[in-house]
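Taking it in order: structure first as structure tokens, then the write-up.
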Amino acid sequence: MADKEATATEEEPKVLTDLEKVGEPIVPRKKPNEIHPDELTGSIKIPKVQEGTAAGNKPYLCKSENMEKLGFPGDLREDWHDAAIAKMGDLLEKYKSLQVYMDICVKCGSCTDKCHYFIGTEDGKNMPVARAELFRKVYRKYFTTEGKILGKLAGAEKLDLELLGEWYSYFHQCSQCRRCSVFCPYGIDTAEISMAAREIMDHIGVGQKYTNDIIVKVHEVGNNLGMNPKALKATLESTEEDLEEETGKKIRLPLDEVGADVLMVTPSADFFASPHVESLLGYAKVFHQAGISWTFSSAASEAGNFGMFIGNYGQMQKVASRLTDAINEIKPKRLIVGECGHAWRIAYSFWNTLIGPFDSLDPNFKRPQHICEYTLDLVNRGAIKLDKSKNDHIIPTFHDSCNVARGARMGDKPGGQFTIPRDLIKASCNRYVEMDEETIMEKTFCCGGGGGLLTDDLLELRVKGAMPRMQAFSKVQESHGVNFLALICAICKAQFTKILPKYGVGMDVAGGVHQLVASAIDLGAKE
Amino acid sequence: MNFNIDEEGYLVDAESWDEDVARTIAQNEGIDRLTDEMMDVIRFMRSYYRSYNSFPILNTVCKNVHQPKECVNEEFIDPLSAWKIAGLPDPGDEVIVYLKR
Numbered sequence: 219m220a221d222k223e224a225t226a227t228e229e230e231p232k233v234l235t236d237l238e239k240v241g242e243p244i245v246p247r248k249k250p251n252e253i254h255p256d257e258l259t260g261s262i263k264i265p266k267v268q269e270g271t272a273a274g275n276k277p278y279l280c281k282s283e284n285m286e287k288l289g290f291p292g293d294l295r296e297d298w299h300d301a302a303i304a305k306m307g308d309l310l311e312k313y314k315s316l317q318v319y320m321d322i323c324v325k326c327g328s329c330t331d332k333c334h335y336f337i338g339t340e341d342g343k344n345m346p347v348a349r350a351e352l353f354r355k356v357y358r359k360y361f362t363t364e365g366k367i368l369g370k371l372a373g374a375e376k377l378d379l380e381l382l383g384e385w386y387s388y389f390h391q392c393s394q395c396r397r398c399s400v401f402c403p404y405g406i407d408t409a410e411i412s413m414a415a416r417e418i419m420d421h422i423g424v425g426q427k428y429t430n431d432i433i434v435k436v437h438e439v440g441n442n443l444g445m446n447p448k449a450l451k452a453t454l455e456s457t458e459e460d461l462e463e464e465t466g467k468k469i470r471l472p473l474d475e476v477g478a479d480v481l482m483v484t485p486s487a488d489f490f491a492s493p494h495v496e497s498l499l500g501y502a503k504v505f506h507q508a509g510i511s512w513t514f515s516s517a518a519s520e521a522g523n524f525g526m527f528i529g530n531y532g533q534m535q536k537v538a539s540r541l542t543d544a545i546n547e548i549k550p551k552r553l554i555v556g557e558c559g560h561a562w563r564i565a566y567s568f569w570n571t572l573i574g575p576f577d578s579l580d581p582n583f584k585r586p587q588h589i590c591e592y593t594l595d596l597v598n599r600g601a602i603k604l605d606k607s608k609n610d611h612i613i614p615t616f617h618d619s620c621n622v623a624r625g626a627r628m629g630d631k632p633g634g635q636f637t638i639p640r641d642l643i644k645a646s647c648n649r650y651v652e653m654d655e656e657t658i659m660e661k662t663f664c665c666g667g668g669g670g671l672l673t674d675d676l677l678e679l680r681v682k683g684a685m686p687r688m689q690a691f692s693k694v695q696e697s698h699g700v701n702f703l704a705l706i707c708a709i710c711k712a713q714f715t716k717i718l719p720k721y722g723v724g725m726d727v728a729g730g731v732h733q734l735v736a737s738a739i740d741l742g743a744k745e
Numbered sequence: 015m016n017f018n019i020d021e022e023g024y025l026v027d028a029e030s031w032d033e034d035v036a037r038t039i040a041q042n043e044g045i046d047r048l049t050d051e052m053m054d055v056i057r058f059m060r061s062y063y064r065s066y067n068s069f070p071i072l073n074t075v076c077k078n079v080h081q082p083k084e085c086v087n088e089e090f091i092d093p094l095s096a097w098k099i100a101g102l103p104d105p106g107d108e109v110i111v112y113l114k115r
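Top line first, the protein sequences correspond to chains A and B.
Okay, so the first sequence: first residue is 219 according to the numbering used here, each after it adds one.
Okay, so the second sequence: first residue is 15 according to the numbering used here, each after it adds one.
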């Protein structure tokens, strides 16, 4: 028989280790049926500040085995305090921006009501300035003269286990979406502060299970979903069969084809999950109809890179280096990236310095290029045709992904990351509705699951953090009958699929931009 | 029957699996009776895991057990429950997150 009950009765009150004290929520995590989202009214109300309402939101700690695989200590270091301060000193030296962000905040309050997690949880420590203050007060204590001499009078505080526990909680209630930084008159990037805090915590043995387990999975198997090359091949073959059944045409999903013109790099969720796979079918149909030779690669079967979420440059580089192996093997001319928010930020903003320059790729094309830009260009040149009437049952709106909106660009013009996905949706559908302007483009709200927080450990936070976007969506749902939330991010897709039903909206409302392309594309013979 | 289930409901020793074990894990997952159709899903997951050492996409499951698309769902059988009943190990956080549940 299962020994579950047997061990349960013998259990004695557990004495927590220091590490467990840091990782244990001050109030217990809520069960899924105890989480009650706000009612959808269509308006986003700024709440009255509460204390500690989000204190129960802490992700599970990463176990020692996987911490050590990433080169981090397997337990809280005995000298954790000194090691944390030394690491903070290193980061202040290495990232001058971090030093500037520590010094220039004037507490003007512009950011206070801009964070989706503050609006959703009402917890004052989720105001960006208060979150940053958790870091800043430690900085003052050890790195400023007034803090060293005057201590608390100068807003300086020693890093102790209790404060470390607050770090673990509130720096995992920031999805690094950078909405606050848009409104900061000084441009302070709280995401970078969160990344630094997570990097310091990993360095002393306090790591988050979800992000760190996934990075281990990428190193060991090749992608976040843990699909080895053999499983990936079988999956693509099976999906190819489905595609042939649907279209009556042999539309390919090639893998590891040496010499293909285009190497397509996409989040592994596109191979595995729904609605992600619908966009994958879209990419395949576009390449098929344009007559382009292309391939996925089992070496680079993951566009995502959680090294960014934990603020660890070494991990980010190691994950990205898989792409170098793929380019050397496939020898493509072009590199195209699928629908994934943080992956596009990394591809656009960091790949070149992490693993570039891509000298072997054709300089006549962007290195890399976003799939939306690629497809829209084919449409504009008439190389593929989209029949909008096939989507006449759909009234879409577009949710800008934070890392695309505020961490990257697309195309040749400023703001291309906003116009290109919208133009592609409009090329696929006769109707299009925009959500409230305070919630789109550079002011977009995070889906509530970005930045390494897309784990069920943080379900309550995810439900509450999605609230501002859900309100904006419900407004156009009510006023214009919008029935499709178009997305270009694997995390957004998974987050909304799970969260929409909690708000009483059907999960099928969420889908990819290339899902719309896939249903509109004309697969007839080319003229 | 001699077998252990861990805190999350996964069978600890894969070798200890048989259909009686499956029925006990199913009860642990809140499924009182495993129908033949459910057992087909569970057997397929075991054989897929043996061949590919990976979690199958749900369309592949349905196709192979001759059920309509999107057959693995809350009404029929939750995919993660089916995986646990099949006595297979923790597939990892990302698989759990991306299973439509």
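Positions of the beta carbon are idealized from the N, C-alpha and C atoms, including for glycine.
None of the values given here were measured: they were computed from a predicted structure.
In the structure shown, what three-state DSSP assignment does residue i receive?
| i | result |
| --- | --- |
| A:Ala704 | strand |
| B:Trp31 | coil |
| A:Asp341 | strand |
| A:Phe714 | helix |
| A:Arg552 | strand |
| A:Ala374 | coil |
| A:Pro614 | strand |
| A:Leu166 | Residue 166 of chain A cannot be examined here, being either before or after the span of chain A that is shown, 219 to 745. |
| A:Phe514 | strand |
| A:Gln533 | helix |
| A:His588 | strand |
| A:Ala452 | helix |
| B:Gly44 | coil |
| A:Ile469 | coil |
Whose C-alpha, out of the options, is nearest the C-alpha of residue i?
| i | options | result |
| --- | --- | --- |
| A:Cys665 | A:Gly373, A:Ser619, A:Asn648 and A:Gly440 | A:Ser619 |
| A:Gly423 | A:Tyr386, A:Val495 and A:Ser515 | A:Tyr386 |
| A:Leu705 | A:Lys693, A:Gly724, A:Gln695 and A:Val731 | A:Val731 |
| A:Arg680 | A:Tyr531, A:Leu594, A:Leu258 and A:Lys276 | A:Lys276 |
| A:Trp569 | A:Ala626, A:Lys551, A:His698 and A:Gln733 | A:Ala626 |
| B:Leu113 | B:Ile56, B:Asp27, B:Trp31 and B:Trp97 | B:Trp97 |
| A:Thr761 | A:Arg416, A:Phe401, A:Gln317 and A:Ser697 | This structure gives no information on residue 761 of chain A, because the portion of chain A shown stretches from 219 to 745. |
| A:Gly347 | A:Leu371, A:Tyr360 and A:Ile322 | The question names Gly, yet the displayed sequence has Val at residue 347 of chain A. Looking at the Cα atoms, A:Ile322 is the closest of the given residues. |
| A:Leu572 | A:Arg599, A:Glu311, A:Lys536 and A:Ala414 | A:Lys536 |
| A:Lys644 | A:Asn598, A:Pro485 and A:Gly440 | A:Asn598 |
| B:Ala36 | B:Ile56, B:Pro93 and B:Glu84 | B:Ile56 |
| B:Val111 | A:Ala728, A:Lys716, A:Ile739 and A:Ile613 | A:Lys716 |
| A:Cys280 | A:Lys305, A:Met306, A:Gly307 and A:Gly241 | A:Gly241 |
| A:Lys427 | A:Lys366, A:Lys376 and A:Leu671 | A:Leu671 |
| A:Pro447 | A:Leu703, A:Ala518, A:Glu678 and A:Glu458 | A:Ala518 |
| A:Met688 | A:Glu520, A:Tyr721 and A:Ala738 | A:Tyr721 |
| B:Asp32 | B:Ile71, B:Glu108 and B:Leu102 | B:Leu102 |
| A:Leu596 | A:Lys312, A:Ile548 and A:Ser646 | A:Ser646 |
| A:Lys287 | A:Ser261, A:Val356, A:Gly365 and A:Glu438 | A:Glu438 |
Does any C-beta atom of chain A lie closer than 8 Å to the C-beta of residue i?
| i | result |
| --- | --- |
| B:Glu108 | yes |
| B:Asn73 | yes |
| B:Trp97 | no |
| B:Pro105 | yes |
Against residue i, what residues of chain B qualify as contacts under a CB-to-CB distance less than 7 Å, listed in chain order?
| i | result |
| --- | --- |
| A:Lys287 | Residues of chain B passing the Cβ test: none, with the nearest at roughly 14 Å. |
| A:Ser619 | Ordered by position in chain B, no residue passes the 7 Å Cβ test against A:Ser619, which lies about 17 Å from the chain. |
| A:Phe490 | Ile71 and Tyr112 |
| A:Ala487 | Tyr112 |
Against chain B, does residue i count as a neighbour if the rule is that its beta carbon must be under 8 Å from one of theirs?
| i | result |
| --- | --- |
| A:Leu672 | yes |
| A:Ser282 | no |
| A:Ile613 | no |
| A:Asp474 | no |
| A:Ser515 | no |
| A:Ser456 | yes |
| A:Asp460 | yes |
| A:Ala712 | yes |
Mind checking residue i: buried by the 16 CB within 10 Å criterion, or exposed?
| i | result |
| --- | --- |
| A:Cys326 | exposed |
| A:Arg552 | buried |
| A:His254 | exposed |
| A:Thr225 | Low per-residue confidence applies at A:Thr225: pLDDT is 48, beneath 50, and the placement is therefore not dependable, though the value from the model is reported in the following sentence. Exposed. |
| A:Thr259 | exposed |
| A:Asn582 | exposed |
For a contact meaning CB atoms closer than 9 Å, what does residue i contact in chain A?
| i | result |
| --- | --- |
| B:Ser68 | Val439, Leu443, Gly444, Met445, Asn446, Lys448, Ala449, Leu450, Ala452 and Thr453 |
In chain A, which residues lie less than 7 Å from residue i when you measure between Cβ atoms?
| i | result |
| --- | --- |
| B:Val86 | Those do not exist, as B:Val86 stays about 11 Å from chain A at its closest Cβ, beyond 7 Å. |
Run through chain B and tell me which residues come within less than 8 Å of residue i, C-beta to C-beta.
| i | result |
| --- | --- |
| A:Ala502 | The premise fails here: A:Ala502 is roughly 15 Å from chain B at the closest Cβ pair, so nothing lies under 8 Å. |
*Chain-ordered residues of the segment 422-434 of chain A with a beta carbon less than 8 Å from chain C*: Reference to chain C is not applicable here, since the protein chains of this structure are A and B.
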